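Structure, as structure tokens:
Number of protein chains: 6
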Amino acid sequence: MTLNSYPFEDEKEENSKPIGRYPVPYKKDLPFDIVELMEEMERTTGFLPNVFKVLSYRPSEFRAFFAYYNAIYNKETGRLSKADKELIIVVTSLRERCLYSVVVHSALYRVYSKNPGLSDQVCINWRKSDLSAREKAMVEFALAISQADDITEDHFKKLEMHGFDREDAWDIATITAFYAMANRLVHFIDIIPNKGYYSLGRNNDTKQIENELTAPEV
Amino acid sequence: MTLNSYPFEDEKEENSKPIGRYPVPYKKDLPFDIVELMEEMERTTGFLPNVFKVLSYRPSEFRAFFAYYNAIYNKETGRLSKADKELIIVVTSLRERCLYSVVVHSALYRVYSKNPGLSDQVCINWRKSDLSAREKAMVEFALAISQADDITEDHFKKLEMHGFDREDAWDIATITAFYAMANRLVHFIDIIPNKGYYSLGRNNDTKQIENELTAPEV
Amino acid sequence: MTLNSYPFEDEKEENSKPIGRYPVPYKKDLPFDIVELMEEMERTTGFLPNVFKVLSYRPSEFRAFFAYYNAIYNKETGRLSKADKELIIVVTSLRERCLYSVVVHSALYRVYSKNPGLSDQVCINWRKSDLSAREKAMVEFALAISQADDITEDHFKKLEMHGFDREDAWDIATITAFYAMANRLVHFIDIIPNKGYYSLGRNNDTKQIENELTAPEV
Amino acid sequence: MTLNSYPFEDEKEENSKPIGRYPVPYKKDLPFDIVELMEEMERTTGFLPNVFKVLSYRPSEFRAFFAYYNAIYNKETGRLSKADKELIIVVTSLRERCLYSVVVHSALYRVYSKNPGLSDQVCINWRKSDLSAREKAMVEFALAISQADDITEDHFKKLEMHGFDREDAWDIATITAFYAMANRLVHFIDIIPNKGYYSLGRNNDTKQIENELTAPEV
Amino acid sequence: MTLNSYPFEDEKEENSKPIGRYPVPYKKDLPFDIVELMEEMERTTGFLPNVFKVLSYRPSEFRAFFAYYNAIYNKETGRLSKADKELIIVVTSLRERCLYSVVVHSALYRVYSKNPGLSDQVCINWRKSDLSAREKAMVEFALAISQADDITEDHFKKLEMHGFDREDAWDIATITAFYAMANRLVHFIDIIPNKGYYSLGRNNDTKQIENELTAPEV
Amino acid sequence: MTLNSYPFEDEKEENSKPIGRYPVPYKKDLPFDIVELMEEMERTTGFLPNVFKVLSYRPSEFRAFFAYYNAIYNKETGRLSKADKELIIVVTSLRERCLYSVVVHSALYRVYSKNPGLSDQVCINWRKSDLSAREKAMVEFALAISQADDITEDHFKKLEMHGFDREDAWDIATITAFYAMANRLVHFIDIIPNKGYYSLGRNNDTKQIENELTAPEV
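Residue numbers (this note's numbering), protein chains in the order written: chain A, 744 to 961; chain B, 744 to 961; chain C, 744 to 961; chain D, 744 to 961; chain E, 744 to 961; chain F, 744 to 961.
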């Protein structure tokens, strides 16, 4: 596909440390549909998130993972904003101490919430943070799912008090459950976050980035 | 698709209690590919597992879920037998007290291991069970993934001592991570196991069933 | 006492693995009252439960253990059925991961409840099981005793709502406390369940067995 | 049996608070063997421990309880001194926060160890206490039994390093298991310690008391 | 300052074991203000508490520690009696298994409460003890602070039901927080309690001691 | 002291929410030494940290708190850099979910470490972070102190392997213990971080700020 077989630009910068425990395939050796998805991703974010590189080690699982992600994250209906979805991912990934997922999704949460201070608070103690009562109810439900609690009608009533119906509950639960899987894969493969995420959403150029972030970001 | 709109035979028998918290769609209203998969499933198992009915409420997520399952469970390479895979699912789902997953997969473990007593032991205390040292090492690793532990090289070394290479480790981790997601969806939707599972693999007809169980069973 | 000094029929079948950590005495060396109790037990169950063999290592403790068991299990008054008592033992022994006690008493629970599926559910997650509200209240109280919680009047009120009076509370507490002791002895001696228990109560011959099970079974 | 039907001298003093949750029978209504054991007990200790009064509510369980206690506590062989046995009871009962058992047996431990300061240390943090390495090994094993840990050969090896053989291990385990039961009964019945225990073993008259304490004390 | 350079009388008696992990400075080498405080302390208690000796290793921290202690313990306003303050210290130090603090402050609690039996109960299970409802509310609040719980208005309401206003709440919180620090310093330095504390407040001479105990005691 | 009695500039901006649960005194009503310390603080940081305002409610405790802080934080000897000290505070305050302390000290850690990404990693999972082995050893020891673990010679040996001697151990322990106290006071008073901290150490002006930060910052 290319004379230059070295896989990904970003990796050159951080070559002191591998981005995961398994070898990352050369771009030229990857199936076409995977490269296509990667290139689209790289265009929107400005760099290719390491999870794409790492999971391409097993193309059929790569496809299944991103197809699932797409089915639940890019769903067009429901009351969950992009900021809501990122908040769910941040809080439940923190519970699992998942460095990769929290670095990536707290960055996206800063972008969508336009509130980096709030994102920092959430990483320390969401109960004490400036999240709204609605957001706290959503987070509390997501954590119940994350802990594999027995879910009862009480859980649904609390959500309804803040305007979330049963379809929203399903959306919160599905995103949480998907990241329960993702967090475990990250811990297993030991994926390192791209350096680009640390400053994302902290500067004044947030607005521009936000407009571009339309492709999946996992 | 059919004049008789009542969805699934099995449900009639257990009509005292809904099989999940969300409505189950009528078969006639489902997309063709989903009905096709359901009918194939029903032919092999003898009944349609409730998870198929329940997840059909959201067709795109249904497709993503079973495609992912298929990519990791029906993979043809590697050292994990079907009994191994079911054992992983049983032990990690027990950790989450997931009634549906343990009833279903302990049944399949009985079928594939041909050892119902061992399956019962595993449900009580796998450390005290008659599992082999190899199986115990596999279970221990699966539980580390299930608990979202920080995975280190030590984990891989212990697996290698029992003949599992890095590809096997990936398979164990992926199945465990997928069921971390599935267990949470089950708790959320409150899926009830089909009655047929309780006796599966306990009778002398196990051999026949085993031959038929080639389609995915989640 | 007998020409054939080899102690117990059942042991021959499972000679690959000792039934406990301490030596099992020869039948001919045991005091007469202990042999008598063993033979009665063997007649009713069809085999001699391993706990009898193992505890005979210390005859005076053997006598104390079974006399105590008899005083609380075979009490003729009160509202606890045999199925209730076995349910209490199963759930509290599961909390201690006691393989022997759960294998034995889940078998007896299958026999007395005539519901093997329910017994399997209870071993996975009793809260999600088909136990009645009355049985769940009983189990909840037994678990409070098992955890050595501070017991308050609230505990008694909850029992009363389901028809259990203070004498029944005493019975639940005593059985639970006795098995707190028994579970620890089992873990210490590492007693292995007799193979006969795994299938007990799963077949159609349950009714016959049930009639015979009148002697103590620990 | 007596004109004066009021049961026990000691109770008069502490009449502000019942000694347990269940009614204490009148002495005149109790079976002869139970009264006999009580009177012997009262002669040696100087007062009747409340557990005797409270358990007499169910005579057959009273007999089973003290017969069992007698079989394991007053055993004449083995390396465990009376101080050792009391130490085991104190530490494992503390784990269950059992006020009655700790008050009673820390008193007896003071009497037998002749070291009230050591008894106080043990009630706060036995690891930091002046217990000998031998005593700490014994306590560590007792706690493993108390927690219903899976016991392995390692546990036995650690005991052997301090001179405890397999018979001693059995003695430690049995006393611990018996008090696992007793602690739960105490929590259930809410037994209050006799006031006499608080000062026992703290004064110079310890020697005399020690000589008299030959009857069972539970 | 003195020809006899050996630091403290008390230490001679217990010379088998060092009173802490760091060297104790010679009295002659200590700054004058520190010696002065020590001598005052020794006059009132009859011996010099080991924490004074041990912390003098770093004079500036010694001064900061006792100045802080003095500011919160010897405050003249508020509803907390000396017994209340000692009770707070005992219960929260028990939570941290801090042998030194519990030995010292349970002794002082015996002195101020004039109730050694109550002090012993508190060391075993304060919930089951004879503490008043007011004292239990105070202890419950102190434990919430000790556990670094998120404190809410509910905590204050419960205190108010027992007559504690917001100034008292501050006093309880400050003493608890200070001992959270002190307990960790004790664990770190491994300070051993003076032998004199074990019998303090147990004898009839309590009244006299109480009158003398006016200087700070940490 | 001033015609304008409204206490602190910063508070005007965030007037929607009180900075703590207790009233903040007017500057004019405060003792001179406290105002002096506050003004010095304000000059260096650019704003007055809320902990100063809040603790001034009790002047004698304010003085004790900052004197203690000063004795341990501004000590001139030892191997701990300012970045080390801030790292200790961040990690142990995270364990207690102390929003105020983590916001403030992660800001200062960014300033002194000149590595905002590292600070963010530490807030998520320090074990997976890019901290050096030396820093991880220091953090591990600080967490042992924070958890009130029994400290043994093993802890010191691990520190020594990374060049920390017993004086450094004392410094780590003291800072940790002091913040165990501070975290509990923050939870109790519910102190809100100044907005200025969120961006501190994230911009290019860090170098300048760092030069100015010489006064105590708690």
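From the three backbone atoms N, C-alpha and C, an ideal C-beta is built for every residue, glycine too. Computed from a prediction, not measured in an experiment: that's the story for all the values here.
**Report entry** Contact set between A:Met-924 and chain B, taken where Cβ atoms lie within less than 7 Å
**Finding:** Simply Ala-920, Phe-921, Ala-923, Met-924.
Requested in this report: May I ask which residues mark the beginning and end of the alpha helix (DSSP H) holding A:Cys-866?
Outcome: DSSP places A:Cys-866 inside the alpha helix (DSSP H), whose first and last residues are 859-868.
Requested in this report: Taking a Cβ distance cut-off of 8 Å, strictly less, list which residues of the stretch 811-844 of chain C are near chain B, in chain order.
Outcome: Against chain B - using a Cβ distance shorter than 8 Å - the residues of the stretch 811-844 of chain C are Leu-837, Arg-840, Cys-841, Leu-842.
**Report entry** Counted within 10 angstroms of its Cβ, other Cβ atoms place F:Arg-909 as buried (16 or more) or exposed
**Finding:** Of the other Cβ atoms in all chains shown, fewer than 16 fall within 10 Å of the Cβ of F:Arg-909; this residue is therefore exposed.
Query raised in the report: With 8 Å set as the bound, which would you pick, yes or no: does the beta-carbon of E:Asp-933 sit closer than that to a beta-carbon of chain G?
Result: Going by chain labels, chain G is absent from the structure shown, which instead holds the protein chains A, B, C, D, E and F.
**Report entry** Simplified DSSP assignment, three categories, for D:Leu-943
**Finding:** Per DSSP, reduced to three states, the secondary structure at D:Leu-943 is coil, with no helix or strand assignment.
**Report entry** Reduced DSSP secondary structure (H/G/I, E/B, other) of D:Thr-835
**Finding:** Note: D:Thr-835 maps to helix in three-state DSSP.
**Report entry** Check whether A:Ile-934 and A:Ile-762 have beta carbons under 8 Å apart
**Finding:** Between A:Ile-934 and A:Ile-762, the C-beta gap is smaller than 8 Å, which places the two residues in contact.
Report task. Please check if any C-beta of chain B sits within less than 8 Å of the C-beta of C:Gln-890. Result -> With 8 Å as the cut-off, C:Gln-890 does not count as an interface residue toward chain B.
Report task. Can you grab the Cα-Cα spacing for the pair D:Asp-914 / D:Gly-821, in whole Å? Result -> Each residue's Cα considered, the two are about 8 Å apart.
Report task. Would you verify that the beta carbon of D:Asp-863 is, or is not, closer than 8 Å to some beta carbon of chain E? Result -> Yes, D:Asp-863 counts as interfacial toward chain E.
Requested in this report: Check whether the Cβ atoms of C:Ala-880 and C:Leu-902 sit closer than 8 Å, and answer yes or no.
Outcome: Cβ distance < 8 Å, so C:Ala-880 and C:Leu-902 count as in contact.
Query raised in the report: Looking only at its own chain, which residues have a Cβ that is under 6 Å from the Cβ of C:His-905, when we skip the five neighbours before and after it?
Result: Arg-877, Ala-880, listed in sequence order.
Query raised in the report: Could you give the residue range of the alpha helix (DSSP H) that holds F:Leu-718?
Result: Since the displayed chain F opens at 744 and closes at 961, residue 718 of chain F lies outside it and no answer follows.
Query raised in the report: So what's D:Phe-775 in DSSP terms, helix, strand or just coil?
Result: Secondary structure at D:Phe-775: helix, using DSSP grouped into helix, strand and coil.
Query raised in the report: Under a three-way DSSP split, which group does E:Ala-891 fall into?
Result: The answer is coil: DSSP assigns E:Ala-891 none of H, G, I, E or B.
Report task. Give every residue of the same chain whose Cβ lies closer than 6 Å to the Cβ of B:Val-846, excluding the five residues on either side of it in the sequence, and list them in chain order. Result -> The residues are Pro-936, Tyr-940.
Query raised in the report: Grouping DSSP H, G and I as helix and E and B as strand, with all else coil, what is E:Thr-787?
Result: E:Thr-787 falls in the helix class under three-state DSSP.
Query raised in the report: Hey, how far is the Cα of B:His-848 from the Cα of B:Phe-809?
Result: Each residue's alpha carbon lies about 16 Å from the other.
Query - Interface residues of the stretch 789-809 of chain D facing chain C [CB-CB below 9 Å] - result: Listed by position, the residues of the stretch 789-809 of chain D near chain C (Cβ gap below 9 Å) are Tyr-800, Arg-801, Ser-803, Glu-804, Arg-806, Ala-807, Phe-808.
**Report entry** Residue-chain proximity (D:Leu-902, chain C), Cβ-Cβ < 8 Å
**Finding:** False, the Cβ-Cβ gap to chain C never drops below 8 Å.
Query raised in the report: How would you list, in chain order, the residues of chain B whose beta-carbon sits under 7 Å from the beta-carbon of C:Arg-945?
Result: Taking a Cβ-Cβ threshold of 7 Å, the residues of chain B close to C:Arg-945 are Arg-945, in chain order.
Query - Any C-beta of chain C under 8 Å from that of D:Ile-729 - result: Since the first and last residues shown for chain D are 744 and 961, residue 729 of chain D lies out of range.
Query raised in the report: chain E beta carbons: is any one of them nearer than 8 Å to that of D:Tyr-941?
Result: Proximity of D:Tyr-941 to chain E, defined by a Cβ-Cβ separation below 8 Å, is satisfied.
Query raised in the report: Just curious, the alpha helix (DSSP H) that D:Ala-796 is in, first and last residue?
Result: Note on identity: in this sequence residue 796 of chain D is Lys, with Ala being the wrong assignment. 793-798 is the extent of the alpha helix (DSSP H) around D:Lys-796.
Report task. Measure the C-alpha to C-alpha separation of D:Leu-798 and E:Gln-864 and round it to an integer number of angstroms. Result -> Cα-Cα distance, rounded: 23 Å.
Query raised in the report: Does any residue of chain F bring its CB to less than 8 Å from the CB of E:Leu-928?
Result: With 8 Å as the cut-off, E:Leu-928 counts as an interface residue toward chain F.
Query raised in the report: By Cβ distance below 8 Å, which residues in the same chain neighbour B:Ala-826 in space, the five residues on each side in sequence not counted?
Result: Within its own chain, the residues whose Cβ lies closer than 8 Å to the Cβ of B:Ala-826, once the five positions on either side in sequence are excluded, are Tyr-852, Tyr-855, Ser-856, listed in chain order.
Query - Three-state secondary structure assigned by DSSP to B:Pro-802 - result: Here B:Pro-802 sits in helix by DSSP.
Report task. Could you tell me whether the Cβ atoms of F:Thr-917 and E:Glu-804 are closer together than 8 Å? Result -> The answer is yes: Cβ separation under 8 Å.
Query raised in the report: Would you call the CB atoms of B:Lys-828 and B:Tyr-816 closer than 8 Å?
Result: Pairing B:Lys-828 with B:Tyr-816 gives a Cβ-Cβ distance under 8 Å.
Query raised in the report: Using a Cβ-Cβ distance under 8 Å, would D:Val-846 count as near chain E?
Result: With respect to chain E, the C-beta atom of D:Val-846 has a partner C-beta closer than 8 Å.
**Report entry** Short CB-CB distance (under 8 Å) between C:Ile-915 and chain B
**Finding:** The Cβ of C:Ile-915 sits no closer than 8 Å to any Cβ of chain B.
Query raised in the report: Any idea if A:Arg-786 is buried or exposed, counting beta-carbon neighbours within 10 angstroms, 16 or more meaning buried?
Result: Classification of A:Arg-786: exposed, given that the 10 Å Cβ count is below 16.
Query - Test item: CB-CB of F:Arg-927 and E:Ala-891 under 8 Å - result: Yes. Within cutoff.
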